[in-house]
Structures are given as structure tokens and as C-alpha cells.
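Chains as they are written, first to last, in this note's numbering: chain A, 1 to 140; chain B, 141 to 280; chain C, 281 to 420; chain D, 421 to 560.
We put the beta carbon where it would ideally sit given N, CA and C, even for glycine.
Worksheet: the structure to be examined is printed underneath.
4 protein chains.
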Amino acid sequence: MLSHDLQVRVRYAETDQMGYAYYGVYPQYYEIGRAEMLRSIGFTYRGMEEEHGIMMPVASMNIRYLRPAHYDDLLTIRTNLRKHPVDSITFHIEIFNEKQELLNSASVKLVFVDKNNDMKSVSCPAYLSEAIATAVNQNA
Amino acid sequence: MLSHDLQVRVRYAETDQMGYAYYGVYPQYYEIGRAEMLRSIGFTYRGMEEEHGIMMPVASMNIRYLRPAHYDDLLTIRTNLRKHPVDSITFHIEIFNEKQELLNSASVKLVFVDKNNDMKSVSCPAYLSEAIATAVNQNA
Amino acid sequence: MLSHDLQVRVRYAETDQMGYAYYGVYPQYYEIGRAEMLRSIGFTYRGMEEEHGIMMPVASMNIRYLRPAHYDDLLTIRTNLRKHPVDSITFHIEIFNEKQELLNSASVKLVFVDKNNDMKSVSCPAYLSEAIATAVNQNA
Amino acid sequence: MLSHDLQVRVRYAETDQMGYAYYGVYPQYYEIGRAEMLRSIGFTYRGMEEEHGIMMPVASMNIRYLRPAHYDDLLTIRTNLRKHPVDSITFHIEIFNEKQELLNSASVKLVFVDKNNDMKSVSCPAYLSEAIATAVNQNA
Chain A
1 MLSHDLQVRV RYAETDQMGY AYYGVYPQYY EIGRAEMLRS IGFTYRGMEE
51 EHGIMMPVAS MNIRYLRPAH YDDLLTIRTN LRKHPVDSIT FHIEIFNEKQ
101 ELLNSASVKL VFVDKNNDMK SVSCPAYLSE AIATAVNQNA
Chain B
141 MLSHDLQVRV RYAETDQMGY AYYGVYPQYY EIGRAEMLRS IGFTYRGMEE
191 EHGIMMPVAS MNIRYLRPAH YDDLLTIRTN LRKHPVDSIT FHIEIFNEKQ
241 ELLNSASVKL VFVDKNNDMK SVSCPAYLSE AIATAVNQNA
Chain C
281 MLSHDLQVRV RYAETDQMGY AYYGVYPQYY EIGRAEMLRS IGFTYRGMEE
331 EHGIMMPVAS MNIRYLRPAH YDDLLTIRTN LRKHPVDSIT FHIEIFNEKQ
381 ELLNSASVKL VFVDKNNDMK SVSCPAYLSE AIATAVNQNA
Chain D
421 MLSHDLQVRV RYAETDQMGY AYYGVYPQYY EIGRAEMLRS IGFTYRGMEE
471 EHGIMMPVAS MNIRYLRPAH YDDLLTIRTN LRKHPVDSIT FHIEIFNEKQ
521 ELLNSASVKL VFVDKNNDMK SVSCPAYLSE AIATAVNQNA
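So this is what it looks like as C-alpha cells:
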């Protein structure tokens, strides 16, 4: 439906003594992948928080680690959105190295909460739904 | 089969601007939970790496985020082992806050690789299987 | 004047491919060292933020890295307070390994800001000054 | 002598509950700043490690935190080299936000160790000295 590629280099900080990118670093890659996907359709997570008080905590995540990433590897974070968000939004992520080998695949489901209403759950805000719908139509 | 509790406080470094422990911090909690479970049965991950050259990369992980953890919360990381490891080892983790509320549950599957043989996969080393079997028998 | 020891194990997450605790991890050790020193004198950083709206951003930091820390090392974080805080508070930290070798020494200077007044600088709150003065007197 | 600018966005992972980039994140910014400076003169830290077995642990670091960085800020990391390296190499770093406000300034001193000789200290390798000298001459 929507797909976005972001490139990022593995930091030394992100390696562990196995010489791999630490398994707990991947959620950061997913975070910047989805933020840049949303920015590419004219929407910033920051704006949603600052202007509307809506935050998006993660509800669940599934990760498969297929091959290690190494220091200084230039990774491609491919973020896919397959369904229109309603009460939650789920991103599907694939990470490739420079040889186009698939290193990692994941899905991350986030919900919407209102920080001005005691962090209660809300539906996907209309401005986000509409930005996604517009982008999907432009791609079609 | 085997269960181990570890307590850890949420660091300021681990919070994000939502005021929650960042969702990418949890893999660190799982890491220290399983390391301390293994230490409690007389086995150290460090020793396995240093003496035997066996490393344990993560193959897959599933996480459900139920309630947020906050700065300075004293968390209980409950690490459970439900099956004897053969080609992989899977830990099931539950994290509770001081009110005994379940914040997070996860499963983490790791494999065994030999750093002296080009990081090739190997079966669970006998000394680890035996340490687990002994601990399970003592608990029975 | 005041000194406090805290023990912490180096996490796998904190290592890098050199096999050392990453140099950027040390600020986390200083953070938990000073938080536990303050807790030991009956004061929590969390309470100061939640009840009084006072936050303590870091203004400057100097670090000397003398010897590496390794995975699973049980470190002692020694946090020292040498002067009564006025407009800022400076902690001096030494980190030792299990052989009592000094690995790292640092000083961290923090200031006080009021989150209910646009993060403006304020002096050290009286309840913190007094908690420190009381602890120093008890030690004398 | 040599100066290099790198842009990086503050990750959500890097914020803390103050809403600031956590003070312990800055060493990661310095790391990627110096890696990219060296890459810009035809030299990679990764190559030095892999081909020559030379690693560069940090010996000391001084940081001044002047203004906070916030989530999604597009930072400019300016890395300066003021002296030819001999037994150590010192980088001076300034970090600016999009308004060109100086947020942070630091110096980081690294040494050279030989992983094939028990991590013993060595002088700056000739290929690095020469790459720097060539780049400085081209700038002159």
C-alpha cells in the first residue's frame, strides 16, 4: 500500500562484542523508518505530539533476525504499511544490507493515546488517516 | 520448568519523552534476565563465550507491551524456561512493576554459533543442557 | 563529604565490537550512581521531578577512561559529593572492577531547572540542600 | 585544520522524560561525526580495524551542554581536527540545531591500540597520518 526506504549506517555504539548490531537496536531502526515514512507523506510524529497531544506507544512487536548487521554497514530500512489504520497502525519492516541480503524482518503495532486525557486510547486521528489515504491514491 | 526473578530499576537513560521506558529498552531487560537465570544455575554466558567460543545470537522475538514502565520503577523480570534446549533455546519473560501489574510479556529464541568455526550454527552445548537438567531435577 | 558505592554488571548491550563497555555508556553509570546516592540519604530524583517540578539537566562532564570494562564485569560505581550544592551540583565518580582497579574517573555538573517555569534555572532546592547537610552531619 | 559537518536527526529513543536528548547520547553523535570526517578523507575506521587490527579507544572526553536538543531536531555535528595526530588524536566537536544555535561542545581524545598485540598502545598509523596530511594540503 505504502512503502518507504531509509538508509542508515550501523554505529559503533550499536555493535556488541559478537561484532553484530545488538538485537535491541533494531527497534530504533524501525522507529526512524516509520518516522521518515510518515514525513515523506507530509506528516510528522513530532507535530502530532506537539500540536495534537497524540502519542503512539508500541503495543506489540515481532522480529525475525536472519543475518547479522555489522559496524558501518549501510542498511536499507524498508517500511511498509499494508492496511489503513483504525484503532492501531501496523508497520512491516524489512532491513537489507548493501548486498541486498535480507537481515531482519519485523512488524510493529502502535496505538494512539491522548496525553491531554490521561493517556487514554483513541482512534487514529483523521489528519493521519487522510494523509495516508492521499499518499496511497497518489501512488495508485 | 525453570523460573528466575531479577529486579532492576528503570534508568533515566531508558525513558523517552512520553515518560515511558522506551520500547527498545526491553530487549536489554530480557538479556539481563536470562543471564542471571543462567548464573543462578551455575552457568555464565561469559564463560561459554570465553572458554568454549559459543555465542548465542537472537533468532526471533515477540513482545507485547501491556502497560508502560516509568523512571525509577523497580521492575521484576521473570524469566521462564519451558523446554529443554536442543538446536535453540527459548526464554519466556514477564515484567511486573511494584504493584505486581504485568507490564510486558515476551518470548526470545536464541541459537548457538561457534565463533571458532565461522559463526556456524551448533546444537546446545552439553554443559548447558546438563546444567539445566540438573537445576530442573533439583526443583522437582 | 559524602560517598556512595553502587554495584552494577556490564550488560551485553553495553559492549561494543572492541569487547569493551562502549565509552558512551558511562554517563548511564554516573546517572544511576548519583540517583542511588541521593536515595541513600532519603531523597529521590523522581520525587523532585514529580512533586516539585525540578529537573536536573547536565551542564558539563569530564571523563578519563583508564582501563576498559568488559561484559559481565561487576563494577563498583563510587559517587562522591565534595561541596554543598548552590546553583549547581557536581558529582565526582570513580569506577572500579572486581580487582579494585580504577577503570574510569569523571566529574558531572548538573543544574536545576523548573519545568513549571519554562525550564528556567533555579538554585538547589532547600529540601535537597537539607538532606545533604543532614547526611553529612550524620557521617561526621 | 580539518572540519566536517554531518547532519543527524534526534531519535525518539534518544530522548528522555525531560524531553531532551539524553546527555549520554552525545558520545554517539561524536562517534558518527568523526567516522564521517575520516570517511570524507578516504579513510574508514572499519577498514583500520579489519585490515590493520588497530582500534581507537577513547582516553578522555570533555563536554559542555549549552542548550538541549529535542526529538526530531536536525542537528549539525561539526567535527574539527586541530593538530596532526601522533600518539593520540583529539577531535573537537560542536553541535548546532536548525536555528544555528550552539547546543553542545566537546573534545574527545582517542588512542591507538593493536588488537593483534594484546591491545598495546601504538602510535598513529602512517596511513591515517598521511590521509590527514593530504586532506589538509588539499584544503590549503
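Requested in this report: Compare the Cα-Cα distances from D/T510 to each of D/K529, D/Q520, D/E518, D/F516 and report the closest residue.
Outcome: In the fourth sequence, the residue the question calls residue 510 of chain D occupies position 90. Among D/K529, D/Q520, D/E518, D/F516, the Cα nearest to that of D/T510 belongs to D/K529.
Query - Spatially closest choice to B/E270 from B/V253, B/P208, B/P225, B/A175, by CA coordinates - result: Counted from its first residue, the second sequence places residue 270 of chain B at position 130. Among B/V253, B/P208, B/P225, B/A175, the Cα nearest to that of B/E270 belongs to B/P225.
Report task. Check each candidate in C/I334, C/P348, C/S387 and name the one with the smallest Cα separation from C/D296. Result -> Within the third sequence, numbered from 1, the residue matching residue 296 of chain C stands at position 16. Nearest of C/I334, C/P348, C/S387 to C/D296, Cα basis: C/P348.
Query raised in the report: Roughly how many angstroms separate the alpha carbons of B/V262 and A/E94, rounded to a whole number?
Result: Counting from one through the second sequence, the residue named residue 262 of chain B turns up at place 122. Counting from one through the first sequence, the residue named residue 94 of chain A turns up at place 94. So the two alpha carbons sit approximately 26 Å from each other.
Query raised in the report: Listed from N- to C-terminal order along the chain, which residues in the stretch 54-65 of chain A have their beta-carbon within a distance smaller than 8 Å of any beta-carbon of chain B?
Result: M55, P57, V58, A59, S60, M61, N62, I63, R64, Y65
**Report entry** Beta-carbon contacts of A/E36 that lie in its chain and below 6 Å, excluding the five residues immediately before and after
**Finding:** Along the first sequence, one-based indexing puts residue 36 of chain A at 36. Hits under 6 Å: L6.
**Report entry** Paired residues, beta bridge with B/L281 - DSSP
**Finding:** In the structure as shown, chain B begins at 141 and stops at 280. Residue 281 of chain B is therefore absent and cannot be evaluated.
**Report entry** Status (buried if at least 16 other CB within 10 Å, exposed otherwise) for C/N384
**Finding:** As a first step, residue 384 of chain C is located in the third sequence; it is residue number 104 there, counting from the start. So C/N384 ends up on the buried side.
Query - Enclosing alpha helix (DSSP H) for B/E171 [first to last residue] - result: Here residue 171 of chain B refers to the residue found at position 31 when the second sequence is read from its first residue. Start and end: 166-180.
Requested in this report: Return the residues of the stretch 290-306 of chain C that lie within a Cβ-Cβ distance of less than 7 Å from chain A, sorted by chain order.
Outcome: Y292, A293, T295, D296, Q297, G299, Y302, G304
**Report entry** Range of the contiguous alpha helix (DSSP H) that encloses A/Y65
**Finding:** Within the first sequence, the letter at position 65 stands for residue 65 of chain A. Note, A/Y65: premise wrong, no alpha helix (DSSP H); beta strand (DSSP E) at 58-65.
**Report entry** Interface residues of chain B facing D/Y450 [CB-CB closer than 8 Å]
**Finding:** What you label residue 450 of chain D is simply residue 30 of the fourth sequence in a count that begins at 1. Here the premise fails: no neighbours, minimum Cβ distance about 17 Å.
Query raised in the report: Is it the case that the Cβ atoms of B/E189 and C/Y351 are separated by a distance below 9 Å?
Result: Reading the second sequence from its first residue, position 49 is the one you call residue 189 of chain B. Reading the third sequence from its first residue, position 71 is the one you call residue 351 of chain C. For B/E189 and C/Y351, yes; Cβs fall inside 9 Å.
Query raised in the report: Whose C-beta lies closer than 6 Å to the C-beta of C/D367 among residues of the same chain, with five residues either side of it excluded?
Result: Here residue 367 of chain C refers to the residue found at position 87 when the third sequence is read from its first residue. Here the set comprises S403.
Query raised in the report: By the 10 Å Cβ neighbour count, where 16 or more other Cβ atoms means buried, how is A/L128 classified, buried or exposed?
Result: Residue numbering aside, residue 128 of chain A sits at position 128 when the first sequence is read from its first letter. It is buried - the Cβ of A/L128 has at least 16 other Cβ atoms within 10 Å.
Query - Beta bridge counterpart(s) of B/Q147 as assigned by DSSP - result: Residue mapping note: residue 147 of chain B aligns to position 7 of the second sequence, counting from 1. In DSSP, B/Q147 forms a bridge with B/T216.
Query raised in the report: Do B/M141 and B/N220 come within 9 Å of each other at the CB atom, strictly closer than that value?
Result: Residue 220 of chain B sits at position 80 when you count from the first residue of the second sequence. Residue 141 of chain B sits at position 1 when you count from the first residue of the second sequence. Result yes, Cβ atoms of B/N220 and B/M141 sit closer than 9 Å.
Query raised in the report: Rounded to whole angstroms, how far is the Cβ of D/Y449 from the Cβ of D/V428, which I believe are closer than 8 Å?
Result: As a working note, residue 449 of chain D is residue 29 in the fourth sequence. As a working note, residue 428 of chain D is residue 8 in the fourth sequence. The Cβ separation is near 6 Å, so the contact holds.
Query raised in the report: At a CB-CB cut-off below 8 Å, which residues of chain B make contact with C/D352?
Result: The sequence position of residue 352 of chain C within the third sequence is 72, counting from 1. Within 8 Å Cβ-Cβ: A175, T184, Y185, R186.
Query raised in the report: For chain C, is any of its Cβ atoms less than 9 Å away from the one on D/I469?
Result: For the purposes of this step, residue 469 of chain D is taken as the residue at position 49 of the fourth sequence. A quick correction: the sequence has Glu, not Ile, at residue 469 of chain D. Yes, contact with chain C.
Requested in this report: Grab the span of the beta strand (DSSP E) containing A/H92 for me, first residue to last.
Outcome: Looking up residue 92 of chain A in the first sequence gives position 92. Element bounds for A/H92: 88-96.
Query raised in the report: Nearest to D/I497 by alpha carbon, out of D/A560, D/H472, D/P447, D/A555?
Result: One-based indexing of the fourth sequence puts residue 497 of chain D at position 77. The option with the nearest alpha carbon to D/I497 is D/P447.
Query raised in the report: What first and last residue would you give for the beta strand (DSSP E) that runs through D/F532?
Result: Stepping through the fourth sequence from its first residue, residue 532 of chain D is reached at position 112. Per DSSP, D/F532 belongs to the beta strand (DSSP E) from 522-534.
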